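Heads up: the structure comes next, in structure tokens.
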Amino acid sequence: MAGQVIDGKAFAAAVRARVAQGVARLREEHGVVPGLAVVLVGEDPASEVYVRNKGVQTVEAGMASFEHKLSAETSQADLLALIARLNADRSVHGILVQLPLPAHLNADLVINTIDPAKDVDGFHILNVGRLGTGQKAMVPCTPLGCLMMLRDHHGSLAGMHAVVVGRSNIVGKPMAQLLLGDSCTVTIAHSRTKDLASICRGADILVAAVGRAEMITGDMVKPGATVIDVGINRVERDGKARLVGDVDFASVSPVAGAITPVPGGVGPMTIACLLANTLTACCRAHGLPEPEGLTA
Ligand code: GUN
Numbered sequence: 219m220a221g222q223v224i225d226g227k228a229f230a231a232a233v234r235a236r237v238a239q240g241v242a243r244l245r246e247e248h249g250v251v252p253g254l255a256v257v258l259v260g261e262d263p264a265s266e267v268y269v270r271n272k273g274v275q276t277v278e279a280g281m282a283s284f285e286h287k288l289s290a291e292t293s294q295a296d297l298l299a300l301i302a303r304l305n306a307d308r309s310v311h312g313i314l315v316q317l318p319l320p321a322h323l324n325a326d327l328v329i330n331t332i333d334p335a336k337d338v339d340g341f342h343i344l345n346v347g348r349l350g351t352g353q354k355a356m357v358p359c360t361p362l363g364c365l366m367m368l369r370d371h372h373g374s375l376a377g378m379h380a381v382v383v384g385r386s387n388i389v390g391k392p393m394a395q396l397l398l399g400d401s402c403t404v405t406i407a408h409s410r411t412k413d414l415a416s417i418c419r420g421a422d423i424l425v426a427a428v429g430r431a432e433m434i435t436g437d438m439v440k441p442g443a444t445v446i447d448v449g450i451n452r453v454e455r456d457g458k459a460r461l462v463g464d465v466d467f468a469s470v471s472p473v474a475g476a477i478t479p480v481p482g483g484v485g486p487m488t489i490a491c492l493l494a495n496t497l498t499a500c501c502r503a504h505g506l507p508e509p510e511g512l513t514a
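Here the sequence shown is numbered in our numbering, starting from 219 and rising by one per residue.
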């Protein structure tokens, strides 16, 4: 029997609806409107699409959206000055600098200049450290979305063996920390791991975030495991451009107990969690109770 397909689109819509409810309550009861500032440097077409989608969904959730589009030649000093202004702006509760940045800019320095309380990406070194030590942090959006879907599917994750394939700062490492925080036994594997297949076969939860099209195949999955596919890879099939994940859906879905598809799985959760983080940051900034179920 084929595994259950986890509908990330529907799940993300439900998260956005909960965020919109929380935003409406903030506005009605406290006269506060959460604001998200997105900074885009340069004209990368994929980034422009992301930023446009973020702006639309921010407004749909009832929040204020501030877009700052800068030329590809923007200097480091000018970008840092903009971030300083956004840090000081009380109508801005969340700041996101779209990555990747042009090569002449120091992305680590830029991210670490963002006020950690407004760092809705969870990339600031303070938030990374807080997550790693179990302190209240802003948590990266994509792994937060994966965690929400896993909690929804399983209830408690305690004692499960989770294998995360991928060690990026944006997904793999924070994902592993979050699963550890939910009392999983966690293995981090990556492109250089020896005998990856047998390690993956030990997983009750398998998170693929390695950026290689369809590299996780059915023979690498324990029957009944939950498989979360974070990959978004553009490939050409039969002369047509297609999006595929890091998981070979055709061979894995008959083995898995549950699986997220690509597209329509993890992808839509990322912006939903960005909105959730902005609401959380706004509540924390005003000393108000945080919405339930939208944080780690
Ligand atoms: N570029 C691709 N994904 C992301 C993300 O989650 N955050 C930021 N800031 N840039 C990205």
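C-beta atoms are modelled at their ideal positions from N, C-alpha and C, and glycine is treated no differently.
Bear in mind the structure is a predicted one, so any value in this text is a computation, not a measurement.
Can you tell me which of the three DSSP states Asp316 falls into? This sequence places Gln at residue 316; Asp is not what is there. Gln316 falls in the coil class under three-state DSSP.
What is the DSSP secondary structure of Phe229, counted as helix, strand or coil? If DSSP states are grouped into helix, strand and coil, Phe229 belongs with the helices.
Length-filtered (3 minimum) beta strand (DSSP E) runs lying within the stretch 273-325: Within the stretch 273-325, the beta strand (DSSP E) runs of at least 3 residues that lie entirely inside it are, in chain order, 282-288, 312-315.
Would you list the residues sitting across from Lys458 in a DSSP beta bridge? DSSP, once it has assigned bridges, lists Arg455 as partnering Lys458.
Measure how close the beta-carbons of Val389 and Leu397 come, nearest whole angstrom, since I'm counting them as under 8 angstroms. 12 angstroms between Cβ atoms; not a contact.
Where does the unbroken alpha helix (DSSP H) through Ala503 begin, and where does it stop? Counting along the chain, the alpha helix (DSSP H) containing Ala503 begins and ends at 485-503.
Would the beta-carbon of Leu244 fall within 8 angstroms of that of Pro252? Against a cut-off of 8 angstroms, the Cβ pair of Pro252 and Leu244 comes out as a contact.
Tell me the residue span of the beta strand (DSSP E) that contains Thr403. 403-407 is the extent of the beta strand (DSSP E) around Thr403.
Classification of Arg236 by the beta-carbon crowding that lies within 10 angstroms, buried from 16 upward: Around the Cβ of Arg236, a 10 Å sphere holds 16 or more other Cβ atoms; the residue is buried.
Uninterrupted alpha helix (DSSP H) stretches inside the stretch 243-278 (no shorter than 4 residues): Runs of the alpha helix (DSSP H) inside the stretch 243-278: 263-278.
Limits of the beta strand (DSSP E) - the one that Ile446 falls within: Per DSSP, Ile446 belongs to the beta strand (DSSP E) from 444-447.
Do Met393 and Cys364 come within 8 angstroms of each other at the CB atom, strictly closer than that value? The criterion of a C-beta distance shorter than 8 angstroms is satisfied by Cys364 and Met393.
CB-CB length for Gly475 against Gly442, believed under 8 angstroms: That pair is a contact at about 4 angstroms.
For ligand 3, I want to know if Asp464 counts as a neighbour, meaning its beta carbon is within less than 7 angstroms of at least one of the ligand's heavy atoms. Ligand 3 is absent from the structure shown, which contains only ligand 1.
Could you check the C-alpha separation between Leu254 and Gly240 for me, to the nearest Å? Distance from the CA of Leu254 to the CA of Gly240, rounded to the nearest whole angstrom, comes to 15 angstroms.
State the start and end residues of the unbroken beta strand (DSSP E) segment that holds Val382. It spans 379-383 - the beta strand (DSSP E) in which Val382 sits, taken as one unbroken run.
Can you list, in chain order, the stretches of the alpha helix (DSSP H) that have 4 or more residues and sit fully within the stretch 328-372? You should have 343-350, 359-372.
Give every residue of the same chain whose Cβ lies closer than 7 angstroms to the Cβ of Ala494, excluding the five residues on either side of it in the sequence, and list them in chain order. Closer than 7 angstroms at Cβ, skipping near neighbours: Val233, Val237, Leu512.
Within 10 angstroms of the Cβ of Asp437, are there 16 or more other Cβ atoms? Answer buried if so, exposed if not. Exposed is the call here.
As assigned by DSSP and simplified to three states, the class of Val473: It is coil, neither helix nor strand.
Report the three-state DSSP secondary structure of Ile224 (helix, strand or coil). In this structure, Ile224 counts as coil in the three-state DSSP scheme.
With three or more beta-carbon pairs closer than 8 angstroms as the criterion, would you say the stretch 478-489 touches the stretch 220-229? Verdict: yes, contact present.
Do Val462 and Val445 have their beta-carbon atoms positioned less than 8 angstroms apart in this structure? Contact annotation: Val445 and Val462 have beta-carbon atoms that are not nearer than 8 angstroms.
How long is the line joining the alpha carbons of Ile301 and Thr331, rounded to whole angstroms? Using only the alpha carbons, I get a separation of about 7 angstroms.
What I want to know is whether the C-beta of Val517 ends up closer than 7 angstroms to one or more non-hydrogen atoms of ligand 1. In this structure the chain extends from 219 to 514, so residue 517 is not present and cannot be described.
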